[in-house]
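As given, the protein sequences belong to chains S and C, one line each in that order. For what it's worth, the working numbering labels the leading residue of the first sequence as 4, then goes sequentially. For what it's worth, the working numbering labels the leading residue of the second sequence as 4, then goes sequentially. Glycine is no exception: its CB is placed at the ideal position from the N, C-alpha and C atoms. All values derive from a computational prediction rather than experimental measurement.
There are 2 protein chains.
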Amino acid sequence: MPATIRDVARASGVHVSTVSRAFSAPHLVNTETRAHVLAAAEELGYRPNRAARALITGRTHNIGLIVADIANPFFPPLIKAAESHARGRDYHLFVADTNEDAGVEEELVLALAKQVDGVLLCSPRMSNTQIEQLSREVPLVVVNRPVPGLPAVVMDVAQGARLAVEHLVGLGHRSIALLGGPRGSWTNREIRRAATLAARTAGAELVVIGPNPPTEESGSAQADAVLRAGVSAVLAYNDLMAVGLIDALDHRGVKVPDQISVVGIDDTALSRRTRPMLTTVATPTAAAGRAAVDMLLQHGDDRRTTALVTLQTELVIRDSSGPGPHRTAGPGRRQQPPLDGVASESRE
Amino acid sequence: MPATIRDVARASGVHVSTVSRAFSAPHLVNTETRAHVLAAAEELGYRPNRAARALITGRTHNIGLIVADIANPFFPPLIKAAESHARGRDYHLFVADTNEDAGVEEELVLALAKQVDGVLLCSPRMSNTQIEQLSREVPLVVVNRPVPGLPAVVMDVAQGARLAVEHLVGLGHRSIALLGGPRGSWTNREIRRAATLAARTAGAELVVIGPNPPTEESGSAQADAVLRAGVSAVLAYNDLMAVGLIDALDHRGVKVPDQISVVGIDDTALSRRTRPMLTTVATPTAAAGRAAVDMLLQHGDDRRTTALVTLQTELVIRDSSGPGPHRTAGPGRRQQPPLDGVASESRE
DNA sequence: CATGCGACTACAAACGTTTGCAGCAGAACT
DNA sequence: AGTTCTGCTGCAAACGTTTGTAGTCGCATG
């Protein structure tokens, strides 16, 4: 029922191959002929069938985007940026959700493999070896984890964690808890490593609570553990957990930041909406989405090229972090005025 | 390079048609033969090429999902539910973002038309006639707007608006502002209609401010207009605008709910995170996503069947709504205890 | 005048499937 | 014994494109 290339050929009195070339190789066909063809195509409402094209060219002009949890506020900006960027280059995006499950993740890559030109694997829960294996089935770009031999885009979350710890120590905190993220997360390991090092360097104590699922509920659930740890500040794996923690502390009558300071990571839309507004490490998610698309489209063919893009993070100081018990000098209330998200908005 | 059906046929010593049937019509092939074929396929890591299959069957097993703004917290739960539901039925989901632009929307439907079995059009900004026209190109299911002659799933947002207004009037408010949503939104018209009617019935005044873009910024931007209107309560088009408004009011030293009550719509994840927690109308977004997929898969073929699924909404009373100036009786602070989101969590 | 070239177009094979049809063996009827 | 039926399998066409090759024409070149 829908118009095919053959209909257009008939209507414009040329061979199908000419019609094809009128679209995909304009310089090979007479300007006049081409005009006729395009007119006829327009008339018939012809749109090329991408499946047929894919069958012969081997390129589908589709990209798969696999995330751990669409509803996690970290991902929508990334998805949005990737989709828009991809569409600008005439690619469409499959989006799929693994529910934080490595098994589902693998199944999804395999299922998508034949109908995409590549897959963007965001915050994967699989092992490196699993990922490497899958990369033989379909070009992969990994986001939020470096995988040896594969193109990847990561955020310099270690630097973010370091800044956060230094910020807290600077405020007078000597005993800090790290509210850990999910097992198997590279980001989590990275944060832990950097935070531990930064704490030791600064002469502070760091107690790790976790691993935990990266959810708000999980943040709330660890409130008692945090209190028991007797710390005066907490660095959470992400904003979601930080928010959950603040909430639970609030319920227990513990004041943030007066009694405990809390710092998140990601600078999601949430962080400006909580009371107190969340001090957090801004990660450039939209830029990551675009970069991942670019990498995939670049070496779509020359597979197994190593390439690692590292995006910078920065500390956004708001209201959830305040002076600790060991403050040595400086004004009473806070070291720096709140930036009110300015930093995160100028960041692109 | 990747294994094709022919490789499997060769490896198992049968004809390709037998291999094909071993997968798609198991009852037509001998159990033993089938076992051989499946074993060979497994051995070779064979996965059928969906493009080739689509070419001949005419069904791609793909669905397009078009939303106005992925980053709007209303959509991720819907996307997530739709994706998971679709995948359970062996369908994959294209997700695309129109940036609230009707032109982009149309272009997207057209672009997707040939490579999907149908499109889920969420909160469209196009006109009904445009949508009807497009439905001749590809099966459509519309979400958040009824379109005559097309399957659609809507939320009974009118009822929600009514409940919200009655709630406010019950609290003693006699002058209420409606912070309107985007032009061209059916939901917006519906809310306006229902709110106006409910206000008149209850003997209260309703002043409409808008239309406005459905964003947080837009909510903030209208704070002065709200104050000028001299109302004691506001019903916002969605949570996002409500949150923006509360924020701006806070900046101006206006207390919510003491001086002005604010009610949102959607019960997004945000609403439990604001201080005060937002009183809002819960819309079943996940259920809507699933229902839309179901409708599309049901009458994928017998097009142009009218069918309208209406999902119920409910009022979730939290802390952003309080007594108004004309309270007649009852305890001082509030009429009902906050539900703390229980209602919205039990709702599925 | 023959040759070669450039610009354009037609032909046909191929991509990896599905599916109507025909064939064939053996079983079950008459 | 002949016929019909049943269960299974092979054959080949088709889906809508792209693309290498070959052909045609007119024209400039030698």
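Does the contact criterion of 3 or more C-beta pairs under 8 Å hold for the segment 201-212 of chain S versus the segment 140-155 of chain S? no
Beta-carbon spacing of S:N65, S:V119 below 8 Å: yes
Less than 8 Å between CB atoms is the rule here; does C:P149 satisfy it with respect to chain S? no
Within 8 Å of any Cβ in chain C, is that where the Cβ of S:Q118 sits? yes
Keeping to the same chain, check which residues put their C-beta closer than 6 Å to that of C:A295; ignore five residues upstream and five downstream. L123, V144, V146 and V156
With a threshold of 6 Å on Cβ separation, who are the neighbours of C:S324 within its own chain once the five nearest residues in sequence on each side are excluded? P260, S264, V266 and T282
For the beta strand (DSSP E) containing C:A285, name the first residue and the last one. T282 to A285
Count the other C-beta atoms from every protein chain shown that fall within 10 angstroms of the C-beta of C:H254, then say buried if there are 16 or more, exposed otherwise. exposed
According to DSSP, simplified to helix, strand and coil, what is S:N131? helix
Taking one C-beta from the segment 221-230 of chain S and one from the segment 188-198 of chain S each time, how about it: are there three or more such pairs within less than 8 Å? no
Put S:E3 into one of helix, strand or coil per three-state DSSP. Given that chain S is displayed from residue 4 to residue 351, the structure contains no residue 3 of chain S and the question cannot be resolved.
Who are the Cβ neighbours of S:R177 in its own chain at under 8 Å, not counting the five residues just before and after it? G206, A207, E208, S235, G327, P328 and H329
At a cut of 8 Å, does the segment 81-88 of chain C reach the segment 31-42 of chain C through at least three beta carbon pairs? no
Please identify, using Cβ separations under 8 Å, the residues of the segment 83-99 of chain S that lie next to chain C, in order along the chain. K83, E86, S87, R90, H95, L96, F97, V98 and A99
With which residues is S:S178 paired in a DSSP beta bridge? S:E208
Within the continuous beta strand (DSSP E) that includes S:S264, where are the two ends? S264 to D269
On the premise that C:A291 lies in contact with C:E317, defined as a C-beta separation below 8 Å, what is that separation, rounded to the nearest angstrom? So it is not a contact: roughly 14 Å between Cβ atoms.
Taking only the alpha-carbon atoms, compute the straight-line gap between S:L238 and S:S126 and give it to the nearest angstrom. 20 Å
C:T277 versus chain S: which residues are under 7 Å apart at the beta carbon? R276
Of all the residues that make up the segment 45-65 of chain S, which are near chain C by a beta-carbon distance shorter than 7 Å? R50, N52, R53, A54, A55, A57, L58 and T63
With distance defined between alpha-carbon atoms, name the residue in S:N102, S:R62, S:V70 and S:R50 nearest to S:Y94. S:R62
Using beta-carbon positions only, say whether S:A114 and S:R128 come within less than 8 Å of one another. no
C:T36 lies in the beta strand (DSSP E); which residues open and close that run? Premise fails: C:T36 lies in the alpha helix (DSSP H), T34 to L47, not in any beta strand (DSSP E).
Separation of C:D322 from C:L200, as counted between CA atoms: 25 Å
Anything in the segment 238-264 of chain C with a Cβ closer than 7 Å to a Cβ of chain S? List those residues in chain order, please. V246
Spatial neighbours of C:A232 within its chain, please: C-beta separation below 6 Å, excluding the five flanking residues on both sides. A180 and V210
I'd like to know if S:P80 contacts chain C, where contact means its C-beta is closer than 8 Å to some C-beta of that chain. yes
Could you check if C:V19 belongs to the surroundings of the ligand SAH, using beta carbon to heavy atom distance under 7 Å? Of ligands this structure carries none, so the ligand SAH is not represented either.
Only counting the same chain, and skipping five residues up and downstream in sequence, which positions put a Cβ closer than 7 Å to that of S:R92? L300
Using CA atoms only, rank isn't needed, just tell me which of S:R293, S:I320 and S:V319 is closest to S:V312. S:R293
Determine the direct distance from the alpha carbon of S:A310 to that of S:P149, and round the result to whole angstroms. 9 Å
Does S:M158 come out as helix, strand or coil in the three-state DSSP assignment? strand
Between the beta-carbon of C:V355 and the beta-carbon of C:R24, is there less than 8 Å? Residue 355 of chain C lies beyond the range of chain C shown here (4 to 351); nothing can be said about it.
Are the beta-carbon atoms of S:F97 and S:G67 separated by less than 8 Å? yes
Please list, in chain order, all residues of the same chain as S:N131 whose beta carbon is under 6 Å from its beta carbon, the five residues on each side excluded. V150
If you run the structure through DSSP and keep just helix, strand and coil, what is C:A236? strand
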